[in-house]
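Residue numbers (the numbering used here): 388 to 533. The structure appears below as structure tokens.
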């Protein structure tokens, strides 16, 4: 999910896990010899299943979204982080290591968003949620008007 940090409204249609539109990008990255390094850091193969290449796909096709992402206006995350942002009225943009580890952007042993992968895919770090322990504090539900 990619959304506006202020309004919390999505700015692009969600791309589900089955979507294969980034197959060509994954093939290019494999052909460039990146698969072993990606797997070493993430434990994942280069595959369109994961959201990292989908984020790159969205930003590479919309210069306005790319600009807004780089300026910090937008946030990205799996459904858990979008729901958390909505439930906390935008005060929390977070996820846990389990969800982060399925993005193709999270280094498993360092337990951080991997700067090399972010650079490789052109994903601004400012877009991504804070990674908190699965049993950690994820905020307080805000009062929601109906």
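Note that the Cβ used here is the ideal one computed from N, Cα and C, for glycine as well.
Asked                                                                                                                                                                                     : Found
May I ask which residues mark the beginning and end of the alpha helix (DSSP H) holding residue 434?                                                                                      : Looking at the DSSP string, residue 434 is not in any alpha helix (DSSP H), and its letter there is neither H nor E.
Closest by CA to residue 431, which one among 409, 403 and 491?                                                                                                                           : 491
For residue 514 and residue 463, which I take to be in contact (beta-carbon distance under 8 Å), what is that distance rounded to the nearest angstrom?                                   : 4 Å
What three-state label does DSSP hand residue 389 in the structure shown?                                                                                                                 : strand
Using C-beta distances below 7 Å, list every residue in its chain close to residue 535, excluding the 5 sequence neighbours before and after it, in chain order.                          : Absent from the model: residue 535. The displayed extent of the chain is 388 to 533, so no value can be given.
Could you name the residues of the same chain whose beta carbon sits closer than 7 Å to that of residue 414, not counting the 5 residues immediately before and after it, in chain order? : none
Just to confirm my understanding: we take residue 482, look at its own chain, exclude 5 residues before and 5 after, and list those with CB closer than 7 Å. What are they?               : 464, 465, 467, 468, 516 and 518
Should residue 440 be labelled buried (16 or more other beta-carbon atoms within 10 Å of its own) or exposed?                                                                             : buried
I'd like to check one pair, residue 475 with residue 435: are the Cβ atoms closer than 7 Å?                                                                                               : no
Is it right to say residue 443 is buried, meaning 16 or more other beta carbons lie within 10 angstroms of its own, or is it exposed?                                                     : buried
Count the other CB atoms within 10 Å of the CB of residue 489; is the residue buried (16 or more) or exposed (fewer)?                                                                     : buried
Compute the beta-carbon to beta-carbon distance between residue 395 and residue 472, rounded to the nearest angstrom, for a pair I have assumed lies under 8 Å.                           : 6 Å
What are the start and end residues of each continuous alpha helix (DSSP H) run of 4 or more residues lying completely inside the stretch 404 to 453, in chain order?                     : 410 to 418, 422 to 429 and 438 to 448
DSSP beta-bridge partners for residue 456?                                                                                                                                                : Paired residues: none, contrary to the question.
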